[in-house]
Each structure stands twice: as structure tokens, then as C-alpha cells.
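Chains as they are written, first to last, in this note's numbering: chain L, 12 to 370; chain B, 3 to 501.
We put the CB at the ideal spot given by N, CA and C, even for glycine.
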């Protein structure tokens, strides 16, 4: 028989080992799946394309960070909310709304070249993301409506709102009726930080933001407030924290960051607002946040890991004609094993033969 | 005369820890035998061995002269040993008789069964109505149901675990009448308690355990309460006394505070008024569930009151939250340790930050100075003798008594002008209780005011010079202790049952 016994103290070794065990288990499971679905192809070649190739080529390497940047920004915001037990599941919606609002500014000033344009677009993205998340905050605080449902449902609304905008006010007048906005001109585009690639300033912003978040969480009472609210709501009241404020703060932060990421995606790799903006980054960032154990610096690494599954996943789709869902299967397994292995931090596994009857 | 139960050299270990180390004693027929000891002394282990839910590693038992090795509690009950647990196992939505029949094997609920309940009820003064729904009963009445359920099995030994911890003084007196009668009729009683005064009243034999070992078998009536306590903890107790009760002007008052509870099962508070002077210790007695939790929430500031209903140092503070109140030098120790006064999964150092007045210099504009936090945590651990490996140990890994010492220390280290504390020694061993009481007294001696809300009447009587009683959400005026005070308190506590 196998039994899990609570440890007296969290195992420090397991805190480091559990992600490695999870990675190994994910790789083993992926191996089994490839063996089952692949014909006439060496599994080792697929593994190479999936995990190693993105590091060997400078374009693929830069794409890792192009994809990691929005995941970082959204994942940061979500990890702050999840610490407080506020489950913003619909960052995708806030991301889309942020992209729409930021693009609207770019389209409105399509003939104005100015340094203030990009900051203004960023502010529009942040504020609209905050606004979109504040609907859930308001309903939760005022009527105790579950924020999981509200944010999730609103993310579908956002996607349809995007279609409506692209066939209406934001459509390119000279675009042959394609549902796309005008191309942004240069001062509405994010500066590229690596010549010849799509890697933009968003990565730098993401890294700066994660250090700010780290400070807020580790060195400021705000971090204590969300931590205490998340694990012991009565103790939070005892400490004098207003639980409604915690709901507001965390939803506004995660909504605003998702909105910023949406604008960065439109003004970065895309260069215009397209129906392709909703790319599931908002949902994938949930995995990013948990892989990082909700730690702001951890988000830097987990987002790159997930980005690897995107870039590598696309490559195996092209090279070996594998289905697109390979990426999602990989991400799902990673999260599953990661959460499962984290049990080992708080519990130890023992084998035993007899059970003694107790009262 | 043969012994009812002989316990010979019982030893039981959990890993390296000897929970019971070579324990022997006898329970005489028709006796009320006390089992005394602090938390962790080995009382529960021993009782589990007797009741068949644990097997001893060594040693044997004799029941009515014959060898006795119960394999499980069912076996123990078959042979005539019954137990009333500290936490009752009754279904609230069922009637008394339904609950009793559910606990028994091979009987049906019919008229003769109900008659039998009534017979026991009359015979032993266990006032109960078989048709009443348990959810409507007071704690004392629920205990009577549990006792009757045990009596239906014709036990020859009744084990009672901390039976009086939830009862009013009057209910305790009634219970003792029942227990004495039971003993006379030949049912021995093993009485587990830490309330030494009661043990001295009712028990003629006592077995005292400490750290798993037998300290002494004695007649508790031959020893003073203090001697018994010192045997239990193995060291001298500090004599509790206020060195100088010099009360100054009023520092805190509650003025006509009423509040409907938000909770369906909560208690509404009616027109509560109270004044506390500097340097005085004021107690609010009462049975749990009469509005203590609701009142405490308002006092801490977790629930907002009208501004003028709470006045501290001349300032209306009803609308301030707990953090703002602490800036004025009001501090609080709630009853529930884990999840309310401390966050279970956080270290002691992080838990320090729950109570962080400006003067503590733990935070500055919200930025945490972890150096200062660490220093202050260490000071609490040292000054209040909190036993912990480090200041980073999670709150939940500390024993109840240790965590309580930490929580008391965390607030006392800020030199509160007013300390409001609920159940300061709930579930705390005698040694720690003595320490906590001593530190409260010295705080008051320095001129601070203290408000204690406690169910433990002994505690209130020991510490407080002004006593109120909370019953059904109403607070009595201060009880005049000179004139039959105890009886008045008892009646006030029972307020609901008299109406």
C-alpha cells in the first residue's frame, strides 16, 4: 500500500526537485504519445524539433521571447490575484479589450506621428483592461457573484466585440472589406530591441514589471494583504484589511496588465488589429502563473517554458504534420504533473503493509 | 472488595515518544476517579487503551477481576464500559429519542424504549424531553442526552472527558448530583478534567500523569488545588495577585451598542453598555454562543459599528478598522488562534505583521522592514518563552499553548493601553495558563485596562474586579460580588432557561 503522510516542515529539496520530476514525467508521457501516433518518424527527431531546435536558431530563439512577453505580463497579474484567492479566469477577455482600445487610439490618430502616441495607446490598453475586470469586481463585491464565471463569460463577449469592431468602426476603409484595421504607422509600433526579429520592447517592460511585482509582494504590506486574504480571510479582517479592496486591487491589476499585453500584441508582432488577436494567451497565462508557483520572478521562467511549447509545437506541426493540439496536450500535461508533484513538498510517500484500526 | 478495573504496567509508544510509560492504578467500585494531567501528559492515550481504540505495547488490564483486552470500542461497550466524549456526536435535526436509539445496537424505537429513557431521566435527575429536537437544546441538555445514551447500555464504568468545560455553574452542580447517584448505584466513573476545584469536590481518587508517567495516586481532597496543579506541571506555580489595583479615569466605553447579526445562526446584540477604567481588569462571563463572537468582532473592528457606540480615550472609534484602532493603542487577542489571530501557513515573523502599529517600526508607508520584524518576533519568542525552532516556523506547527503565548506576547509587547482578549487560556496547559494570567495582571498593574471575554468562570473570578454576564446578546450590569455574587452570575448565565 502507498500512503501520503503530511510532512512536519515543507521539504526544501522537493521545492527544487518537483519541477524537474514534473518535466521528466511530461517528457516521458510525450514520448509515449509520440510513439503511439507517429508513423515512419523517429521520435527522437520530433523531440529535437520540439525542445532543442528553438534554441539553435536565432529567429526561433527570438520568437520564444516574442511569445513569452505577453504570457509574462498576463501571468504576473494573474499570480497576484491567485495569491489572494481571486480567480480571474477571463484574462483573455481583458487582453482582447485592451488590444481593441489601444488599437482604437492608434487608428484614431492614424495620421499623427508623435512620441506620446505609444504611451497613450498603452494607457488606453491598461485602463480598458481594468474597466473590463472591474465589472467582475463590482459584481463580486456588491452581489457576491462568483468572479470565475463573470470573467470567463465576459471573455467570449470580448471576442465577439472584437469582430463587431473589425467589421465596423475600426475596419480599414481601404482594406477591401477584410475584417482588419489599418496598419499602424511607425510611431504607433513598439520599438524592436533585436534587429531583424519581431522581438519588441514589451519583453523589457515585462521584466521590469516582474521586479516591481516582486517588491510589492515580498517587501510591501500589499503582498501580505493578498497572501493573508487568500489563506485566512478572518485573519485578514483581524489585521485590518478590507476584503472588498483586495478584490478590487487584484482584479484591477490583473485586468490592467492583461489589457497592456493585448495592446502590445497588436502594436508589436501584428502591427494592426486583426481577428487573430485572441490567441489563448489569457488562458495559457493561468498555466504560466501556476508553473511559477505564483512567484513574480518564477513567471519569467515559466513563460519561456510555455513559449517553448508554442514555438516547438509550431515547428513539429510544420515538419511532421502533427495536429495543433500537440501544443495544448503538452501544456496540459506540464501543469498536471507540476501540480501533482508539488504534493511531495507537503507530503511524503510511505509504503506500508498493515493498517492498524484506530477509533 | 474486588477492583472494578485494574490497570497494570500499561506502556504505549508512538515512535520514540512514550505516551504511556508503565502506568498502574485501580479503579474501585462505586468510586469517582479523576485522571489529571496537562495536554500531552498521556490521558487520552490511556483512555483509548481502556476504551479499546488503542492496543497497549505492554501491560495488562483486569475488568471485574478477569483479564480484559478490548479489541475495539464495540468490545469495550459489550463488557460495560461507556464513554461520554468532549465533543458530542448528536444529529441536530433528530429528536432526543431518535438520537439515543441510533447509538445503540439491536433495539427499536417503541413505547417501552421511550419509557426507559424517562425512567433513567427521573432516576438520575437528567431532565430531558424525549420528543424534543436536539438542535433546540442547550449544551448541558445535549450532554444529558449523551449520558442517557450511555446509561442505556448498563455500564459499570463511565468515562467522562472534560464534561464541565461547556457547562454553567448550575449545570455543573446538577451533573455532580447525577454522577454521585450513578456511583452509588455501582457505576464507577473515570473523570478526566483539568479543573482542579471540581475534581476536589467530586472525586475521591485521583491519578496524576505527567509526560506519560504516573506521578501519583492520591485522594484529591487531601491536597490543595495548588498542590494538585504543581504535581501536574512538575514545578511551582506563581501566586497570582494584583500588586496594586489603582484604577484611574474611564478609558473605554461601549454605549448602547445594538446590532442585528448578519449570520442566520448568529446572535443579535441588544443595547450593550460597559465602561472600563485605566488599570482595571473587566470580565465578561457567559456560556459560548450568547453573542461573544459577535461582540468581539465589533470590538476588534472587523464589523463596523456606529461611531459613537465605541469610545476610546474620548474619541469615537466605532467606524475605525482594527489597524486604525491599534494606532490608538487598543490591541486584541481573538479566541480562535488558527485562521483568525494567526495565519496557519505563515511563519511567526509574518504573523507578527497582523498587528503592526506605527510605533513598532515594522512597516513604513507599507514597506516592510524585515529586520525589525525579525527582531521583534525574536523578542516575543524570548520574553514569552514560546517554544519554537525558529521565528520562521509556521503558526500551525506550534502547539496550542505555545501559539497562544506568541499571540499574547505579540500584543503585550506593544504596551497596549487597552487589551481586549477572548478566552485567553482556552486549551492551554496549566503552566502556560499561569504564565498568561501573570502577564495580564502585570499589564494591568502598570495602569493598562483589560477586557476579558471568557467562558471559564474560574478565570474571570481570579482575574477580574468588575464582572458582567453576557446572555442571549444582552450584557448585565456589573455584578456586586459581595452579595451572593456567584449565585447571581450563575442565574444571569442561565438567563435564557429561566424565561
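(Q) Since residue 194 of chain B and residue 37 of chain B should fall inside the 8 Å C-beta cutoff, what is the C-beta to C-beta distance between them, to a whole number of angstroms? (A) Working through the second chain from its first residue, we reach residue 194 of chain B at position 192. Working through the second chain from its first residue, we reach residue 37 of chain B at position 35. Their Cβ separation, rounded to whole angstroms, is 5 Å, which keeps residue 194 of chain B and residue 37 of chain B in contact under 8 Å.
Q. From residue 13 of chain L to residue 357 of chain L, what distance separates their C-alpha atoms?
A. Residue mapping note: residue 13 of chain L aligns to position 2 of the first chain, counting from 1. Residue mapping note: residue 357 of chain L aligns to position 346 of the first chain, counting from 1. Approximately 16 Å, taken between the alpha carbons.
(Q) Any beta carbon of chain L sitting closer than 8 Å to that of residue 352 of chain B? (A) In the second chain, the residue the question calls residue 352 of chain B occupies position 350. Taking Cβ atoms only, chain L reaches closer than 8 Å to residue 352 of chain B, which makes this a yes.
Q. Roughly how many whole angstroms lie between the Cα atoms of residue 258 of chain L and residue 327 of chain L?
A. The residue you call residue 258 of chain L lines up with position 247 of the first chain. The residue you call residue 327 of chain L lines up with position 316 of the first chain. If you take the alpha carbons of residue 258 of chain L and residue 327 of chain L, they lie about 42 Å apart.
**Q.** Exposure of residue 98 of chain L, with buried meaning 16 or more beta-carbon neighbours within 10 Å
**A.** As a first step, residue 98 of chain L must be located in the first chain, where it is residue number 87. By the neighbour-count rule (16 or more Cβ atoms within 10 Å), residue 98 of chain L is buried.
Q. Cβ atoms of residue 379 of chain B and residue 417 of chain B: under 8 Å apart, would you say?
A. As a working mapping, residue 417 of chain B is identified with position 415 in the second chain. As a working mapping, residue 379 of chain B is identified with position 377 in the second chain. Cβ atoms of residue 417 of chain B and residue 379 of chain B: not closer than 8 Å.
Q: Note down, in chain order, every chain L residue with its Cβ under 8 Å from the Cβ of residue 157 of chain B.
A: Counting from 1 along the second chain, the entry for residue 157 of chain B is found at position 155. Residues of chain L passing the Cβ test: none, with the nearest at roughly 18 Å.
Q | Contacting positions in the stretch 331 to 364 of chain B - beta carbon closer than 9 Å to chain A | A | Looking for chain A here will not work: the only protein chains present are L and B.
Q | Exposure of residue 202 of chain L, with buried meaning 16 or more beta-carbon neighbours within 10 Å | A | Position 191 of the first chain, counting from 1, holds the residue named residue 202 of chain L. Classification for residue 202 of chain L: exposed.
Q: Tell whether a beta-carbon distance below 8 Å holds between residue 145 of chain B and residue 86 of chain B.
A: Counted from its first residue, the second chain places residue 145 of chain B at position 143. Counted from its first residue, the second chain places residue 86 of chain B at position 84. Their beta carbons are under 8 Å apart, which means residue 145 of chain B touches residue 86 of chain B by this criterion.
Q) Whose CA, out of L:349, L:137, L:94, L:329, lies closest to the CA of residue 236 of chain L? A) For the purposes of this step, residue 236 of chain L is identified with residue 225 of the first chain, where counting begins at 1. Cα-wise, what sits closest to residue 236 of chain L is L:94.
Q.
Can you pull the chain B neighbours of residue 248 of chain L, defined as C-beta to C-beta under 9 Å?
A. Indexing the first chain from 1 puts residue 248 of chain L at position 237. Correct list: 299, 302, 303, 304, 305, 323, 324, 342.
Q: State yes or no: is the C-beta of residue 161 of chain B within less than 8 Å of the C-beta of residue 49 of chain B?
A: Residue mapping note: residue 161 of chain B aligns to position 159 of the second chain, counting from 1. Residue mapping note: residue 49 of chain B aligns to position 47 of the second chain, counting from 1. Against a cut-off of 8 Å, the Cβ pair of residue 49 of chain B and residue 161 of chain B comes out as a contact.
Q: Within the same chain, show all residues whose beta-carbon is closer than 6 Å to that of residue 368 of chain L, passing over the 5 residues directly before and after it, in chain order.
A: The residue you call residue 368 of chain L lines up with position 357 of the first chain. Because residue 368 of chain L carries a pLDDT of 42, less than 50, the predicted location of this residue cannot be relied on, and the following value inherits that uncertainty. For residue 368 of chain L, where only same-chain residues beyond five positions count, there are no Cβ hits under 6 Å.
(Q) Among L:70, L:29, L:134, L:100, whose alpha-carbon lies nearest the alpha-carbon of residue 275 of chain L? (A) Residue 275 of chain L sits at position 264 when you count from the first residue of the first chain. Residue L:134 is the option with its Cα nearest to residue 275 of chain L.
Q) Touching or not, the stretch 52 to 65 of chain B and the stretch 13 to 22 of chain B, by the rule of three or more beta carbon pairs under 8 Å? A) yes
(Q) Closest to residue 58 of chain L by C-alpha separation, out of L:354, L:352, L:319, L:350, would be which residue? (A) Counting from 1 along the first chain, the entry for residue 58 of chain L is found at position 47. Out of L:354, L:352, L:319, L:350, L:319 has the C-alpha closest to the C-alpha of residue 58 of chain L.
Q: Report yes if the CB atom of residue 415 of chain B is closer than 8 Å to the CB atom of residue 384 of chain B, and no otherwise.
A: Position 413 of the second chain, counted from the first residue, corresponds to residue 415 of chain B. Position 382 of the second chain, counted from the first residue, corresponds to residue 384 of chain B. No, the Cβ-Cβ distance between residue 415 of chain B and residue 384 of chain B is not below 8 Å.
Q | Proximity test, Cβ basis, 8 Å: residue 368 of chain B and chain L | A | What you label residue 368 of chain B is simply residue 366 of the second chain in a count that begins at 1. Yes, its Cβ sits closer than 8 Å to a Cβ of chain L.
Q) DSSP state of residue 188 of chain B, grouped into three classes? A) Walking along the second chain from the start, residue 188 of chain B turns up at place 186. Coil, per DSSP.
Q) Just the Cα atoms here: how many angstroms apart are residue 238 of chain L and residue 304 of chain B? A) Position 227 of the first chain, counted from the first residue, corresponds to residue 238 of chain L. Position 302 of the second chain, counted from the first residue, corresponds to residue 304 of chain B. So the two alpha carbons sit approximately 18 Å from each other.
Q.
According to DSSP, simplified to helix, strand and coil, what is residue 366 of chain L?
A. Translated into the one-based positions of the first chain, residue 366 of chain L becomes position 355. Reliability fails at residue 366 of chain L, whose pLDDT of 48 lies under 50, so the model's placement of it is uncertain and no value is given.
**Q.** Contact with chain B by residue 230 of chain L, beta-carbon distance below 8 Å
**A.** Reading the first chain from its first residue, position 219 is the one you call residue 230 of chain L. Taking Cβ atoms only, chain B reaches closer than 8 Å to residue 230 of chain L, which makes this a yes.
Q. Cα-Cα, which of B:210, B:448, B:495, B:447 is closest to residue 470 of chain B?
A. Looking up residue 470 of chain B in the second chain gives position 468. Of the candidates B:210, B:448, B:495, B:447, the one whose C-alpha sits nearest the C-alpha of residue 470 of chain B is B:495.
Q. Mind checking residue 296 of chain B: buried by the 16 CB within 10 Å criterion, or exposed?
A. In the second chain, the residue the question calls residue 296 of chain B occupies position 294. Per the 10 Å Cβ criterion, buried.
Q. For residue 65 of chain L versus residue 310 of chain L, is the C-beta spacing smaller than 8 Å?
A. Taking the first chain and counting its residues from 1, one reaches residue 65 of chain L at position 54. Taking the first chain and counting its residues from 1, one reaches residue 310 of chain L at position 299. Contact flag unset, no.
Q. Within the 8 Å Cβ cut-off, does residue 242 of chain L reach chain B?
A. The residue labelled residue 242 of chain L in the question sits at position 231 within the first chain. Yes, residue 242 of chain L lies at the interface with chain B (some Cβ there is under 8 Å from its Cβ).
**Q.** Exposure label - residue 329 of chain B; buried when at least 16 CB within 10 Å
**A.** Counting from one through the second chain, the residue named residue 329 of chain B turns up at place 327. The residue is exposed, with fewer than 16 neighbouring Cβ atoms inside 10 Å.
Q) Under a three-way DSSP split, which group does residue 215 of chain B fall into? A) Position 213 of the second chain, counted from the start, is the residue given in the question as residue 215 of chain B. Residue 215 of chain B: strand per DSSP, three-state reduction.
Q.
Does residue 358 of chain L come out as helix, strand or coil in the three-state DSSP assignment?
A. One-based indexing of the first chain puts residue 358 of chain L at position 347. Residue state, collapsed to three classes: strand.
(Q) I'd like to know whether the C-beta atoms of residue 334 of chain B and residue 413 of chain B end up nearer to each other than 8 Å. (A) Position 332 of the second chain, counted from the start, is the residue given in the question as residue 334 of chain B. Position 411 of the second chain, counted from the start, is the residue given in the question as residue 413 of chain B. For residue 334 of chain B and residue 413 of chain B, yes; Cβs fall inside 8 Å.
Q.
Tell me the DSSP secondary structure of residue 396 of chain B in three-state form.
A. Stepping through the second chain from its first residue, residue 396 of chain B is reached at position 394. Three-state result, residue 396 of chain B: strand.
Q.
Counting only Cβ pairs nearer than 7 Å, list the residues of chain B close to residue 239 of chain L.
A. Within the first chain, the letter at position 228 stands for residue 239 of chain L. Chain B residues near residue 239 of chain L: 345.
Q.
Assuming residue 439 of chain B is part of the beta strand (DSSP E), what are its boundary residues?
A. Stepping through the second chain from its first residue, residue 439 of chain B is reached at position 437. No beta strand (DSSP E) holds residue 439 of chain B; the alpha helix (DSSP H) holding it covers 432 to 447.
Q) Looking only at DSSP bridge pairs, what is residue 157 of chain L linked to? A) In the first chain, the residue the question calls residue 157 of chain L occupies position 146. Note: residue 157 of chain L sits in no beta bridge, so no partner.
Q. What is the DSSP secondary structure of residue 419 of chain B, counted as helix, strand or coil?
A. Indexing the second chain from 1 puts residue 419 of chain B at position 417. In this structure, residue 419 of chain B counts as coil in the three-state DSSP scheme.
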